[in-house]
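Q: Encoded as structure tokens, here's the structure I'll be asking about.
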Amino acid sequence: MKRLPVILSLIFALVATLLVACGSPNVAQAPPTYTPDKVSEIQRYMVPIDKARERLPELGSLIEKEDWIFVRNFIHGPLGQLRGSMSYVARTLLPNDAPKAKTLSEDLFGHLEKIDAASQENNYTAAIQQYKEAVGDFDAFLSLIPGEPES
Numbered sequence: 024m025k026r027l028p029v030i031l032s033l034i035f036a037l038v039a040t041l042l043v044a045c046g047s048p049n050v051a052q053a054p055p056t057y058t059p060d061k062v063s064e065i066q067r068y069m070v071p072i073d074k075a076r077e078r079l080p081e082l083g084s085l086i087e088k089e090d091w092i093f094v095r096n097f098i099h100g101p102l103g104q105l106r107g108s109m110s111y112v113a114r115t116l117l118p119n120d121a122p123k124a125k126t127l128s129e130d131l132f133g134h135l136e137k138i139d140a141a142s143q144e145n146n147y148t149a150a151i152q153q154y155k156e157a158v159g160d161f162d163a164f165l166s167l168i169p170g171e172p173e174s
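All residue numbers for the sequence shown refer to the numbering used here, where the first residue is 24 and numbers rise by one.
In structure tokens:
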């Protein structure tokens, strides 16, 4: 009877050693990457976004001229479809980049809404400040986008 606890503890030690030794190793997963197909898909959706960025200085010029009617027209016209494209692209980015892209796109549209409000009040100072912040957020968003797929 005195030997039973000693024998049981030896058996438990052997079983534990066996389980640890025979356990499957943790296989390190490769970090997610963009496939060429995914990059091509993102680049297709980037066409209207890139065009909007190319035209963004026009908004700055309209603000400089204090042409408030055309400022509002520009925000609701050429930049009007930007939200949908940017939202789609933000959702298709890698898990590390997607939340940042979503936040930047939301910030960009917040700035555009504030420019619109400032234009209704003929407030040059607020409009130009929001424009500068919008450009910064737009460029930060674009920096998260993967380049052209390699052939």
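Yeah, the Cβ is synthetic: ideal placement off N, Cα and C, and Gly gets one too.
Would a C-beta distance cut-off of 8 Å place I86 and A140 closer than the cut-off?
A: Reading the sequence shown from its first residue, position 63 is the one you call residue 86. Reading the sequence shown from its first residue, position 117 is the one you call residue 140. No, these two residues do not count as a Cβ contact at 8 Å.
Q: Taking N96 as the reference, give the member of Y147, L165, S142 and A113 with the closest Cα.
A: As a position in the sequence shown, residue 96 is number 73, starting the count at 1. Out of Y147, L165, S142 and A113, S142 has the C-alpha closest to the C-alpha of N96.
Q: Assess contact between the region 161 to 168 and the region 127 to 135, defined as three or more Cβ pairs (one per stretch) separated by less than 8 Å. Is contact present?
A: They touch, by the three-pair rule.
Q: Please report how far the alpha carbon of T56 lies from the alpha carbon of L117, in whole angstroms.
A: As a first step, residue 56 is located in the sequence shown; it is residue number 33 there, counting from the start. As a first step, residue 117 is located in the sequence shown; it is residue number 94 there, counting from the start. Their backbone Cα atoms lie some 7 Å apart in a straight line.
Q: Is the beta carbon of Y154 sitting closer than 8 Å to the one on V112?
A: Along the sequence shown, read from residue 1 onward, the residue named residue 154 stands at position 131. Along the sequence shown, read from residue 1 onward, the residue named residue 112 stands at position 89. Not a contact, by the Cβ cut-off of 8 Å.
Q: Judging by CA-CA distance, which residue of L27, V62, R76 and E81 is the nearest neighbour of Q104?
A: Working through the sequence shown from its first residue, we reach residue 104 at position 81. Out of L27, V62, R76 and E81, R76 has the C-alpha closest to the C-alpha of Q104.
Q: Is it buried or exposed for I30, if we count other Cβ within 10 angstroms and need 16 for buried?
A: Working through the sequence shown from its first residue, we reach residue 30 at position 7. Under this definition I30 is an exposed residue.
Q: Helix, strand or coil: which one does DSSP assign to Q104?
A: The residue given as residue 104 occupies position 81 in the sequence shown. Looking at Q104 - three-state DSSP - the assignment turns out to be coil, as it is neither helix nor strand.
Q: Alpha carbon to alpha carbon, how far is P169 from V38?
A: Mapped onto the sequence shown, residue 169 falls at position 146. Mapped onto the sequence shown, residue 38 falls at position 15. Their Cα atoms are separated by approximately 50 Å.
Q: Give me the Cβ distance between I138 and A121, rounded to the nearest whole Å; I'm assuming they're in contact under 8 Å.
A: Sequence index remark: in the sequence shown, residue 138 carries index 115 (1-based). Sequence index remark: in the sequence shown, residue 121 carries index 98 (1-based). Not quite, the Cβ-Cβ distance comes to about 26 Å (not below 8 Å), so this is no contact.
Q: Under 8 Å between the Cβ atoms of A124 and L167?
A: Working through the sequence shown from its first residue, we reach residue 124 at position 101. Working through the sequence shown from its first residue, we reach residue 167 at position 144. For A124 and L167, yes; Cβs fall inside 8 Å.
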